[in-house]
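Asks: Respectively, the protein sequence lines represent chains F and E.
Reading the first sequence from the start, the letters are residues 1 to 430 in the working numbering.
Reading the second sequence from the start, the letters are residues 431 to 606 in the working numbering.
Each residue gets a CB set at the ideal place from its N, CA and C atoms; glycine is no exception.
Keep in mind it's a predicted model, so treat the numbers as computed, not measured.
Here you go, one structure.
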Amino acid sequence: MTDIFELLRAANPVPEPAPLAEGVSAPMLGRIGARDRRMSLVARVRTALTGSRVLAIAGGAVLLAGGTAAAVVALSGQPSAPPTGSLGPLPGVPKPLRYQIVAVPDLNGGAVGWCFFDDEQLPLGTQGGGTCGDVQLPGRPIVASDAGQGAALVQRPRPGELLHPGATPTYVSYAYLAFVTTANVTTVRVAPNLAIRTRPDAQLPNGYRIAIWIRSHLVHRKASSLPRGTPRAAHHLPPIANYTLPNPSGAVALNSSGHTIGLPGAPFAGLHDDATFWQAKHTSGTQPSLHSPPPGACEIDTSSLRDIQLFFGSVVQHVHGFPQLAGRTFLSCAETQFGARKGVGVDAAILLDAQRPGRLPDPIADAVTVRPGIVNAPGSALDQHKSLTARRIGDAWLAIEAGGSLQQRIHILDTLRACVHLGPSPCPEP
Amino acid sequence: MSAESALVEERFRELFVRYHADVAAYVARRAPASLAEEVVEETFVVAWRSFDRIRGDPLPWLYGVARRTLANQLRGIERRHRLIQQLASQPQVPQPEPLSDLVSPSLRDALLELSDADREALLLIAWEGLTPSQAARVVGCSSPAFRVRLHRARRRLERVLSLDSPVEPRLNEEQA
Chain F
1 MTDIFELLRA ANPVPEPAPL AEGVSAPMLG RIGARDRRMS LVARVRTALT
51 GSRVLAIAGG AVLLAGGTAA AVVALSGQPS APPTGSLGPL PGVPKPLRYQ
101 IVAVPDLNGG AVGWCFFDDE QLPLGTQGGG TCGDVQLPGR PIVASDAGQG
151 AALVQRPRPG ELLHPGATPT YVSYAYLAFV TTANVTTVRV APNLAIRTRP
201 DAQLPNGYRI AIWIRSHLVH RKASSLPRGT PRAAHHLPPI ANYTLPNPSG
251 AVALNSSGHT IGLPGAPFAG LHDDATFWQA KHTSGTQPSL HSPPPGACEI
301 DTSSLRDIQL FFGSVVQHVH GFPQLAGRTF LSCAETQFGA RKGVGVDAAI
351 LLDAQRPGRL PDPIADAVTV RPGIVNAPGS ALDQHKSLTA RRIGDAWLAI
401 EAGGSLQQRI HILDTLRACV HLGPSPCPEP
Chain E
431 MSAESALVEE RFRELFVRYH ADVAAYVARR APASLAEEVV EETFVVAWRS
481 FDRIRGDPLP WLYGVARRTL ANQLRGIERR HRLIQQLASQ PQVPQPEPLS
531 DLVSPSLRDA LLELSDADRE ALLLIAWEGL TPSQAARVVG CSSPAFRVRL
581 HRARRRLERV LSLDSPVEPR LNEEQA
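Laid out in structure tokens, this is it:
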């Protein structure tokens, strides 16, 4: 398989910037100034309306599915769905559909904290999303939150079926909310009519708990219900059911006495160390000029792995600690993504203790020792079976996220060379 | 006009001259030529009104505005089309299709199977030549979150393209 970016670049319909003709651009510039004066009042009205609408949604949040209010919920809270579970049961869907929410250290170079991914197995493939950069801050018991929805066809359509006016294809639609909290949170109140009781989970670090709400149902859409002239491509876009999800940033944490603790929501802390980005391939002048990993505080040397292709990565030049963090987590000091000729292979990173780099970092949650000094944590079984496997290198972890077998990942860890140098001079170049 | 406002206008003119070609190309890669002029103009109207709030590299900021403007235009066309149908049962009104100029139908279909967010993540890197940090500014998320989105979008596109002959992700033989 050709590298996907090469494929896309080759198909770029406008490979170079396309200046407007002088006869177009000069009058346009004149109109812009004139229109600004006309538009300023309209803009103010529009802003005010938008603001009040956002408040209305956040204040009176309800959960709707297919236009009907869903039956929820006692204030004491409904139990959290498990991190791995089933979507459904859904009548007429031949095989059980699953979802999975996993927590992994954020491997992006310079990043601090965790990523929380969701994967939903739908009849024709897996969908998913996630958040990254989640950390525990003082007074903020909700560490991470995520919300999303999606849909897909139940069966692969026959050629032209979706365009036939009489067709009524069936879709699976789903929506979810997920929260990760500190250990003292027993309930997350998301909206006046929705509270979710948290549950412990072995994959989470620091004794964190998780609260999940997930729903799915079938949607039928007649092809004839789409306006005539709807582009052919739009017939292939699945209809997402009419869920109105409450804004997860307004959620509050409750303790076992039912009292609110800390501040609401999971703020994005945006903590990171500056990292130098490099990319192995490029076609544009705006790409970085670095095409291989530069020297830095941490380095990952892939030269001992034969017949691989480097993709891109980041290297932190100078490591800083983040002592303001309330819970322990990792800082990714360098990251390199590479792979074999077929498919995307490996994401490798060096993880330090984020609060005090140079201190022995925490164990990787939910990981088991597979060989002295090497641990393995299962990833989402729904996402190409990628796992996180890591080797201790001094006061750091050399971690890889990859598919393949455990033996393959251990072989990569054994072969990769890594360097951590937290002193004033960077690592020597490989 | 005060000296200060003349200076601001001059700076805006420089911005327009320097970047309008990039913005025009961004729009042309995603919409028919008939829309491009209008979207470019709307983008720079917003830039002019927000000129004092543009910080750092303006190109990702401009792409972000162009992206939202384009989405609004397409929604407006769809609304107008529906209205025309309701009022007069008009015959087909041509609508712009995204990626209509893409040379490879199979790649176009594959891209259209992705979510808007996934597709945009890939195209900002491959077509606009942005770094992930710049592209994150365009779509309004953090750089780490964008990197995750990009990583996943690439996997998904690869998966869609290889639907007929699935290729398991694997490591090379030397590593096995």
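1) Using a Cβ cut-off of 7 Å (strictly closer), state whether C132(F) contacts chain E.
2) Indicate the three-state DSSP secondary structure (helix, strand or coil) for H411(F) in the structure shown.
3) With a threshold of 7 Å between beta carbons, is V190(F) in contact with chain E?
4) Going along the chain, which residues of the segment 94 to 122 of chain F sit with their C-beta nearer than 7 Å to a C-beta in chain E?
5) Please confirm whether A18(F) has its beta-carbon closer than 7 Å to some beta-carbon of chain E.
6) When Cβ atoms are compared, which residues of the segment 1 to 13 of chain F fall closer than 9 Å to chain E?
7) Rounded to the nearest angstrom, what separates A461(E) and R577(E) at their Cα positions?
8) In three-state terms, what does DSSP make of V188(F)?
9) Looking at chain E, is there any beta carbon in it that lies within less than 7 Å of the beta carbon of I32(F)?
10) Run the CB neighbour count on H272(F), radius 10 Å, all protein chains shown included, and call it buried at 16 or more, exposed below.
11) State the Cα-Cα distance for the pair V185(F) and A367(F), rounded to the nearest angstrom.
12) Would P574(E) count as contacting chain F if we go by Cβ distances under 7 Å?
13) Which residues in the same chain as D487(E) place their Cβ atom closer than 7 Å to its Cβ, once the five residues preceding and following it in sequence are excluded?
14) Please list the residues of the segment 559 to 571 of chain E that have a C-beta atom closer than 8 Å to any C-beta atom in chain F, keeping them in chain order.
15) Flag this pair as yes or no: are the beta carbons of D201(F) and I214(F) separated by less than 7 Å?
16) Cα-Cα, which of L416(F), P141(F) and N206(F) is closest to I261(F)?
17) For Y456(E), which three-state DSSP category applies?
18) Give the single residue among T389(F), A167(F), S173(F) and I196(F) whose Cα lies nearest to the Cα of V446(F).
19) Compile a chain-ordered list of the residues in the segment 469 to 491 of chain E whose CB is closer than 8 Å to at least one CB of chain F.
20) Less than 7 Å between the C-beta atoms of G394(F) and A275(F), yes or no?
21) Using the beta-carbon of each residue, which ones in chain A are nearer than 7 Å to S25(F)?
22) Determine, using beta carbons only, whether A556(E) comes closer than 7 Å to chain F.
23) By the criterion of Cβ-Cβ separation under 8 Å, what are the contact partners of A458(E) in chain F?
24) Answer yes if the segment 436 to 456 of chain E comes into contact with the segment 9 to 23 of chain F, meaning at least three C-beta pairs across the two stretches below 8 Å, and no otherwise.
25) For W557(E), which of helix, strand or coil comes out of DSSP?
26) The beta strand (DSSP E) spanning I374(F) covers which residue range?
27) Per DSSP, which one or two residues make a beta bridge with G150(F)?
28) State whether the segment 566 to 582 of chain E contacts the segment 545 to 557 of chain E, with contact taken as three or more CB pairs (one from each stretch) at a distance under 8 Å.
29) Whole angstroms is fine: what's the gap from A463(E)'s alpha carbon to Q408(F)'s?
30) What is the DSSP secondary structure of H291(F), reduced to helix, strand or coil?
31) Comparing C-alpha positions only, which one of P363(F), F338(F) and V420(F) sits nearest to I412(F)?
32) For the 8 Å Cβ check, are there 3 or more pairs between the segment 166 to 173 of chain F and the segment 101 to 115 of chain F?
33) Do we get a CB-CB distance below 7 Å when we pair N376(F) with the residues of chain E?
34) Looking only at its own chain, which residues have a Cβ that is under 6 Å from the Cβ of D362(F), when we skip the five neighbours before and after it?
35) Using the beta-carbon of each residue, which ones in chain F are nearer than 9 Å to E440(E)?
36) For H421(F), name the three-state secondary structure that DSSP assigns.
Replies: So, from the data block:
1) By one-based count along the first sequence, residue 132(F) stands at place 132. Closer than 7 Å: yes.
2) Taking the first sequence and counting its residues from 1, the one referred to as residue 411(F) is at position 411. Reduced to three states, the DSSP call for H411(F) is helix.
3) Translated into positions along the first sequence, residue 190(F) becomes position 190. Judged by the 7 Å Cβ criterion, V190(F) is not in contact with chain E.
4) D106, N108, A111 and C115
5) For the purposes of this step, residue 18(F) is taken as the residue at position 18 of the first sequence. Answer yes: the Cβ-Cβ gap between A18(F) and chain E drops below 7 Å somewhere.
6) M1, I4, F5, E6, L7, L8, R9, A10, A11, N12 and P13
7) The residue you call residue 461(E) lines up with position 31 of the second sequence. The residue you call residue 577(E) lines up with position 147 of the second sequence. Looking at the two C-alpha atoms, the distance is approximately 25 Å.
8) Reading the first sequence from its first residue, position 188 is the one you call residue 188(F). Residue state, collapsed to three classes: strand.
9) Position 32 of the first sequence, counted from the first residue, corresponds to residue 32(F). Yes, its Cβ sits closer than 7 Å to a Cβ of chain E.
10) As a working note, residue 272(F) is residue 272 in the first sequence. Under this definition H272(F) is a buried residue.
11) Here the question's residue 185(F) lines up with position 185 in the first sequence. Here the question's residue 367(F) lines up with position 367 in the first sequence. C-alpha separation (whole angstroms): 24 Å.
12) For the purposes of this step, residue 574(E) is taken as the residue at position 144 of the second sequence. Yes - at least one Cβ of chain F is within 7 Å of the one on P574(E).
13) In the second sequence, counting from the first residue as 1, residue 487(E) sits at position 57. So the list reads Q564, once near-sequence residues are dropped.
14) G559, L560, T561, P562, S563 and Q564
15) In the first sequence, the residue the question calls residue 201(F) occupies position 201. In the first sequence, the residue the question calls residue 214(F) occupies position 214. Contact flag unset, no.
16) Numbered from its first residue, the first sequence carries residue 261(F) at position 261. Ranking the options by Cα distance to I261(F), first place goes to P141(F).
17) Position 26 of the second sequence, counting from 1, holds the residue named residue 456(E). It is helical.
18) Because chain F spans 1 through 430 in this model, residue 446(F) falls outside it and cannot be assessed.
19) V470, E471, F474, V475, W478, R479 and L489
20) Numbered from 1 along the first sequence, position 394 holds the residue referred to as residue 394(F). Numbered from 1 along the first sequence, position 275 holds the residue referred to as residue 275(F). Cβ distance not < 7 Å, so G394(F) and A275(F) don't count as in contact.
21) Judged by its chain identifiers, the structure shown contains no chain A, and its protein chains are F and E.
22) Within the second sequence, numbered from 1, the residue matching residue 556(E) stands at position 126. Chain F contact via Cβ: present.
23) Your numbering for residue 458(E) matches position 28 in the second sequence. Going along chain F in sequence order, the residues near A458(E) (Cβ under 8 Å) are P13, V14 and A18.
24) yes
25) On the second sequence, position 127 is the one that residue 557(E) refers to. Three-state DSSP puts W557(E) in coil, outside helix and strand.
26) As a first step, residue 374(F) must be located in the first sequence, where it is residue number 374. Per DSSP, I374(F) belongs to the beta strand (DSSP E) from I374 to A377.
27) As a working note, residue 150(F) is residue 150 in the first sequence. According to DSSP, which records beta bridges pairwise, G150(F) is partnered with Y174(F).
28) yes
29) To locate residue 463(E), count along the second sequence from 1; it is residue 33. To locate residue 408(F), count along the first sequence from 1; it is residue 408. If you take the alpha carbons of A463(E) and Q408(F), they lie about 50 Å apart.
30) For the purposes of this step, residue 291(F) is identified with residue 291 of the first sequence, where counting begins at 1. Correct three-state label for H291(F): coil.
31) Locating residue 412(F) in the first sequence gives position 412, counting from the first residue. When only C-alpha atoms are compared, the closest one is F338(F).
32) no
33) Taking the first residue of the first sequence as 1, we reach residue 376(F) at position 376. Not an interface residue.
34) For the purposes of this step, residue 362(F) is taken as residue 362 along the first sequence, with counting starting at 1. Within the same chain, D362(F) has close Cβ partners R328.
35) Counting from 1 along the second sequence, the entry for residue 440(E) is found at position 10. None at all; the shortest Cβ gap to chain F is about 12 Å.
36) For this step, residue 421(F) is matched to residue 421 along the first sequence. H421(F): coil per DSSP, three-state reduction.
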